[in-house]
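The opening position of the sequence shown corresponds to residue 15 in the numbering used here, with each subsequent residue numbered one higher.
We put the beta carbon where it would ideally sit given N, CA and C, even for glycine.
What follows is a set of notes on a single structure, which appears directly below.
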Amino acid sequence: MPFYQLVAMDLDGTLLSRDTIITSRTQKALQDCADAGIKVIFASGRMLSSIMRVAGNASYLAGVIAYNGALIAEWPSGRIVRERPIPNATAHRLVADLKKSGVHINIYINDTLYLEEFNEAARNYCRNTVVEPSFAKFDELLHRGEPNPTKILIIGLPEVLDVMTEEYRDRYPELHVTKSRPYFLEFTASG
């Protein structure tokens, strides 16, 4: 039995190259881990479909943790093993609060990215994650019986998000609030 039984790795800023790919050298190292009996897991704030696109047909992968831990899926099927969504009532309250702050908002439901507007922040985000968004009015989306959101992400100025991080942790103790990048603040269900 190998000394390590599992290795979990982030993608953005860690495993992916600047071109947002897994280089052949890195893929070989990951395959060597799998061949030695070590389970390889990708753990990311990305959507499941975005992780699967990046991973391609990676035979070394044992599973995927997406949305900063809010969703766990098998590989390569993508079958969801566990998902902890944000209750719609909480999401509705949160989105109403966030809209007052003037930040860009992304909502993720059923592995689909929903936007109200396609501004520069949205364009950059979609380009970097290679995600095609859907468009909806958030009030309608959260009220029409859709499943609960897996994650809500906002994009804003770092100094604004620094202040919002503590404020929203206090205001929403039922949520996990993570500043994953200087311009990103992410909300998932606690637990």
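- With contacts defined by Cβ atoms closer than 8 Å, Leu167 and Asn120 form a contacting pair.
- In chain order, Asn102, Ala105 and His106 place their CB closer than 6 Å to the CB of Leu156, counting only its own chain and leaving out the 5 sequence neighbours on each side.
- The stretch 71-90 makes contact with the stretch 41-56; the number of CB pairs closer than 8 Å reaches 3 or more.
- Around the beta-carbon of Pro16, fewer than 16 other beta-carbon atoms lie within 10 Å, marking it exposed.
- Contact annotation, Val117 with Gly170: C-beta distance approximately 4 Å; criterion of less than 8 Å satisfied.
- Counting the other CB atoms within 10 Å of its CB gives Asn124 a total below 16, which places it among the exposed residues.
- Here Val68 is not near Thr40, since their CB atoms are 8 Å or more apart.
- Between the alpha carbons of Leu25 and Glu154 lies a distance of about 33 Å.
- Ile94 sits away from Ile55, with the two beta carbons spaced by 8 Å or more.
- Selection Ala135, Ala136 and Ser64 evaluated against Val144 yields Ser64 as nearest (Cα-Cα).
- For Gly77, the pairing in a beta bridge is given by DSSP as Ile55 and Glu88.
- Setting aside the 5 residues that flank it on each side, His190 is surrounded in the same chain by Thr202 and Ser204, each with a C-beta closer than 6 Å to its C-beta; the list follows chain order.
- No residue range can be given for Met61, since it is assigned to no alpha helix (DSSP H) and is classified by DSSP as neither H nor E.
- When rounded, the separation of the alpha-carbon atoms in Thr37 and Ala136 is 27 Å.
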